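Novice: Numbering (the numbering used here), first residue to last: 9 to 842. Quick reminder that beta carbons are idealized off the backbone N, C-alpha and C, glycines included. The structure displayed is predicted, hence computed values, not measured ones.
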Ligand code: ANZ
Ligand code: ZN
């Protein structure tokens, strides 16, 4: 017996696959095509265990499908633009490009070390002009077709650093570096018209049956289709020439629960009041503080300014509602004004508590329908309308329709289908992104960069020494001649949201000509991605944007695909114990041995098992582990211990167990000999395992496939030498080839297999061996179990009866008498009535 030398085998076979371009997908292949894709990584520095788990799953499926005779596209690339590169530039003084490309080199080597069956000939990085230049072309196509427009919109402005902040850089309303209170600023920004596809994106996601239900639901909620009503309240006094205020609601059923009307700080009514009231003006200034995210707005203290004006309730003009200016009402949503129903909306509830406004219940959840509301939070669930005159007793949905009908009949409001989804603001005031290919000319206005001037390349010589967008500060880059009039003009210095880069990379993987983003026919021959695998953290935005981008391309006739990913799987996280030192510092696994902090000799406290993260120091670097145990043991462990959708707790014991099993398989492979004769039970076990493992891999139930392979290995180890046993061993090589490919190649070569096992065919299943061919039949006399017989399956009633009557036990009980009646249930039981 020899030991499997994993490190040597890994290096050898990885070289062989590389040299032979084994996993390069052929566009012109006659085989059926399959596209397996894992979400491409952001090159942050090093590969982490989460990547390893994600890519191992995809790899097993890709290798399996190749063995099933498919032409598989399994590519890899880099989502290479983004803020961490700029942060590194500011903190370490390195260039974002250099930092990113170094990380790519490191991470690529790490991935190669794991032996993934990736088509590296199609590798792409979104930060290179040969990728983002095509993205600029697509942006301009969208522009041409009216799917791109420019609009004023609020950004987070850091008044100390004098820079625009991304939402994640605003922490508790303050800039992450300066600590200054963030202000809302209006800037002219580019938008993609995702709302034009709202209904289509919604009906599309409902039909994606190979997506997790929870992801579908998240997308549905994000799109948020609902029936709304826009209507006008008459005002007690006219303001700035208006004597009504228009509001938007999705809950017209709650109209009798209204206790105030509120307008946004930049609403014309608020502006008109501020013109004559310094207090109102000061309040409006105050509203400009704080971040722009929905989460920020949700948690911010709700503040209002009573304008002194009132609004008449539409169903009772004598009922006067105070009109406020409020910080939680947004100008760019609905019509920038609302009516508040404290009992049934949490924001309104907090507002009413603060300003002593009535809280009137108008929806009963069954248990409670008293008019006064004493709960601690608003009730926004379903129910029956109460305390609401003609709406009383109606279900809320019927009540909505009724109020809309009356508003339309009375001519004071209009119902409409509305979506929560907003257009996609893609302008980012940063350097490390795709330059928006637009030129602003004082004479001609907005001028798209002509196609023959693409790509608009990012300048390399930029400075991060002072705050602000380096593109804007660059001495020459933005100064260009207008393509239309030739006059002096300026380039757009905003770059595209990096979600744009990941919205079409899977198309570029499928087809990457030099002169255009993709070739229609070639891309269509691969798309849609049949199986997409990634983290649930991308369940909403990335998937929605990619679905939109694909639809937009299809809308303008560039590709005939609507849904980019027909199968989606979201894998669980890799977790690890956490450790804390005696004085409360997080400790890395390497800092701890047997409950003691190595450096100090102090006992540590064991924390919870949590997702591996740098902040908790509970990460394990995959490369160190691969160097110790070999790629196959790591791959096997990633697949074996937990269902793929669940968390996988990393443990030393787990990886060691995987390593031992790899060695055990090696000994098993070595133990094949020149056995003779058949072992039908083992044949049957083998074929059941082949079929079972195939079904499990197709269903991505890798841990179940692994369990079946363990069982088969046990059965082979127990079996006596036979031709069946040798055959089973050879087949195990094929069964494990997608999971532990280096071991499988090594064993295959040693056993004299032809070619690479990666190219071998998945073993065929003999259907006859899948069924158990013997059955156990119960023999009863007068309903009492007296004996059991093992008979070949499918015997005739007569044969079963004869066998039962021949049973020694039955003969003894019947004492020579002929039974009065014989009941036979084939393959199951015989009852003799004596
Ligand atoms: C009355 C009401 C009663 C509301 C109730 C909700 C619950 P979704 O469903 O997320 O689209 N709203 C409308 N325009 C707004 C704006 N510009 N800024 C802030 N809030 C605004 O939200 C629609 C609801 O958000 C609307 O329905 C409105 O409050 C509020 F029990 O009207 B509702
Ligand atoms: Zn011009």
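#1: From this set, 46, 197, 94, which residue's C-alpha is nearest residue 444's C-alpha?
#2: Which runs of the alpha helix (DSSP H), 4 residues or longer, sit entirely within the region 658-701?
#3: Would you check whether the ligand ZN has a heavy atom nearer than 7 angstroms to the C-beta of residue 457?
#4: Starting from residue 216 and walking both ways along the beta strand (DSSP E), at which residues does that stretch end?
#5: Would you check if the distance between the CB atom of residue 203 and the CB atom of residue 346 is smaller than 8 angstroms?
#6: Hey, could you find the ends of the beta strand (DSSP E) residue 345 is sitting in?
#7: Just the Cα atoms here: how many angstroms apart are residue 151 and residue 199?
#8: Check whether the Cβ of residue 353 lies closer than 7 angstroms to any heavy atom of the ligand SAH, and answer yes or no.
#9: What do you get for residue 382, buried or exposed, if any count of 16 or more other CB atoms within 10 angstroms of its CB means buried?
#10: Can you check whether the CB of residue 334 is closer than 8 angstroms to the CB of residue 243?
#11: Taking the DSSP output, what are the residues bridged to residue 318?
#12: Report, in whole angstroms, the separation of the C-beta atoms of residue 737 and residue 676, which I expect to be a contact under 8 angstroms.
#13: Given a threshold of 16 other Cβ atoms within 10 Å of its Cβ, counted over all protein chains shown, does residue 124 qualify as buried or as exposed?
#14: Identify which residue in 842, 489, 818, 835 has its Cα closest to the Cα of residue 829.
#15: As an exercise, report each continuous alpha helix (DSSP H) stretch of at least 4 residues that is fully enclosed by the region 360-442, in chain order.
#16: Among 577, 465, 614, whose alpha-carbon lies nearest the alpha-carbon of residue 593?
#17: With DSSP run on the structure shown, which of helix, strand or coil describes residue 551?
#18: Between which two residues does the beta strand (DSSP E) containing residue 612 stretch?
#19: Could you pull the DSSP bridge partners for residue 594 from this structure?
#20: Which complete beta strand (DSSP E) runs does the region 531-576 hold, if anything under 3 residues is left out?
#21: Please specify which runs of the beta strand (DSSP E), each continuous and at least 3 residues long, are wholly inside the region 188-216, giving them in chain order.
#22: Going by Cα to Cα distance, which pick from 754, 714, 759, 640 is closest to residue 680?
#23: Look up residue 236 in the DSSP assignment and give the residues it is bridged to.
#24: Which term fits residue 408, buried or exposed, when burial requires 16 or more other beta carbons within 10 angstroms of its beta carbon?
#25: For residue 511, which residues from the same chain have a beta carbon less than 6 angstroms from its beta carbon, with the 5 sequence-adjacent residues on both sides left out?
#26: What do you reckon, are the CB atoms on residue 537 and residue 216 nearer than 8 angstroms?
#27: If I follow the unbroken alpha helix (DSSP H) through residue 58, where does it start and stop?
#28: Alpha carbons only, please: which of 669, 770, 570, 231 is nearest the one belonging to residue 699?
#29: Does the contact criterion of 3 or more C-beta pairs under 8 angstroms hold for the region 89-100 versus the region 431-443?
#30: Around the Cβ of residue 610, are there at least 16 other Cβ atoms within 10 angstroms (buried) or fewer (exposed)?
#31: Skipping 5 residues on each side, what residues in its chain have a beta carbon closer than 8 angstroms to that of residue 224?
#32: Between residue 515 and residue 498, is the Cβ-Cβ spacing less than 8 angstroms?
#33: Take the Cβ of residue 29 as the centre, count every other Cβ of all protein chains shown within 10 Å, and call the residue buried at 16 or more, exposed below.
#34: Would you kindly work out how many angstroms separate the C-alpha atoms of residue 262 and residue 371, rounded to a whole number?
#35: Would you kindly check if the distance between the Cβ of residue 78 and the Cβ of residue 42 is under 8 angstroms?
#36: Please say whether residue 181 and residue 517 have beta carbons closer to each other than 8 angstroms?
Specialist: Walking through what the data contain:
#1: Taking the first residue of the chain shown as position 1, residue 444 is located at position 436. Nearest of 46, 197, 94 to residue 444, Cα basis: 197.
#2: 660-678
#3: Taking the first residue of the chain shown as position 1, residue 457 is located at position 449. Judged by the Cβ position, residue 457 fails to qualify as a neighbour of the ligand ZN at the 7 angstroms threshold, every heavy atom of the ligand being at least this far.
#4: For this step, residue 216 is matched to residue 208 along the chain shown. For residue 216, there is no enclosing beta strand (DSSP E), as DSSP marks it with neither H nor E.
#5: Numbered from its first residue, the chain shown carries residue 203 at position 195. Numbered from its first residue, the chain shown carries residue 346 at position 338. Contact: no.
#6: For this step, residue 345 is matched to residue 337 along the chain shown. Per DSSP, residue 345 belongs to the beta strand (DSSP E) from 345-348.
#7: Within the chain shown, residue 151 is the residue found at index 143, counting from 1. Within the chain shown, residue 199 is the residue found at index 191, counting from 1. If you take the alpha carbons of residue 151 and residue 199, they lie about 10 angstroms apart.
#8: Ligands in the displayed structure: the ligand ANZ and the ligand ZN; the ligand SAH is not one of them.
#9: As a first step, residue 382 must be located in the chain shown, where it is residue number 374. The residue is exposed, with fewer than 16 neighbouring Cβ atoms inside 10 Å.
#10: Your numbering for residue 243 matches position 235 in the chain shown. Your numbering for residue 334 matches position 326 in the chain shown. Cβ distance not < 8 angstroms, so residue 243 and residue 334 don't count as in contact.
#11: The residue given as residue 318 occupies position 310 in the chain shown. Answer is 330.
#12: Taking the chain shown and counting its residues from 1, one reaches residue 737 at position 729. Taking the chain shown and counting its residues from 1, one reaches residue 676 at position 668. Contact flag correct, Cβ pair sits at about 6 angstroms.
#13: Residue mapping note: residue 124 aligns to position 116 of the chain shown, counting from 1. That one is buried.
#14: Counting from 1 along the chain shown, the entry for residue 829 is found at position 821. When each option's Cα is compared against that of residue 829, the closest is 842.
#15: 404-418
#16: Residue numbering aside, residue 593 sits at position 585 when the chain shown is read from its first letter. The shortest C-alpha separation from residue 593 is found at 614.
#17: Here residue 551 is taken as the residue at index 543 of the chain shown, counted from 1. Helix at residue 551.
#18: Looking up residue 612 in the chain shown gives position 604. No beta strand (DSSP E) contains residue 612, which DSSP labels as neither H nor E.
#19: Translated into positions along the chain shown, residue 594 becomes position 586. According to DSSP, which records beta bridges pairwise, residue 594 is partnered with 588.
#20: 539-542
#21: 191-200
#22: As a working note, residue 680 is residue 672 in the chain shown. Taking each of 754, 714, 759, 640 in turn and checking the Cα distance to residue 680, the smallest one comes out for 759.
#23: Counted from its first residue, the chain shown places residue 236 at position 228. Beta-bridge pairing links residue 236 to 424.
#24: Counted from its first residue, the chain shown places residue 408 at position 400. Buried: at least 16 other Cβ atoms inside 10 Å.
#25: For the purposes of this step, residue 511 is taken as residue 503 along the chain shown, with counting starting at 1. Listed in chain order, the non-local C-beta contacts of residue 511 below 6 angstroms within the same chain comprise 553, 554, 557, local neighbours out to five positions each way being set aside.
#26: Taking the first residue of the chain shown as 1, we reach residue 537 at position 529. Taking the first residue of the chain shown as 1, we reach residue 216 at position 208. It is not a contact, given that the beta carbons lie outside the stated cut-off.
#27: For the purposes of this step, residue 58 is identified with residue 50 of the chain shown, where counting begins at 1. 57-75 is the span of the alpha helix (DSSP H), which, as asked, contains residue 58.
#28: Looking up residue 699 in the chain shown gives position 691. It is 770.
#29: yes
#30: Within the chain shown, the letter at position 602 stands for residue 610. By the neighbour-count rule (16 or more Cβ atoms within 10 Å), residue 610 is not buried but exposed.
#31: On the chain shown, residue 224 is found 216 positions in, with the first residue counted as 1. 213, 214, 216, listed in sequence order.
#32: Within the chain shown, residue 515 is the residue found at index 507, counting from 1. Within the chain shown, residue 498 is the residue found at index 490, counting from 1. 8 angstroms or more divides the Cβ of residue 515 from the Cβ of residue 498.
#33: Taking the first residue of the chain shown as 1, we reach residue 29 at position 21. The residue in question, residue 29, is exposed, as its Cβ has fewer than 16 Cβ neighbours within 10 Å.
#34: As a first step, residue 262 must be located in the chain shown, where it is residue number 254. As a first step, residue 371 must be located in the chain shown, where it is residue number 363. Their Cα atoms are separated by approximately 7 angstroms.
#35: To locate residue 42, count along the chain shown from 1; it is residue 34. To locate residue 78, count along the chain shown from 1; it is residue 70. Yes, the Cβ-Cβ distance between residue 42 and residue 78 is below 8 angstroms.
#36: Here residue 517 refers to the residue found at position 509 when the chain shown is read from its first residue. Here residue 181 refers to the residue found at position 173 when the chain shown is read from its first residue. Not a contact, by the Cβ cut-off of 8 angstroms.
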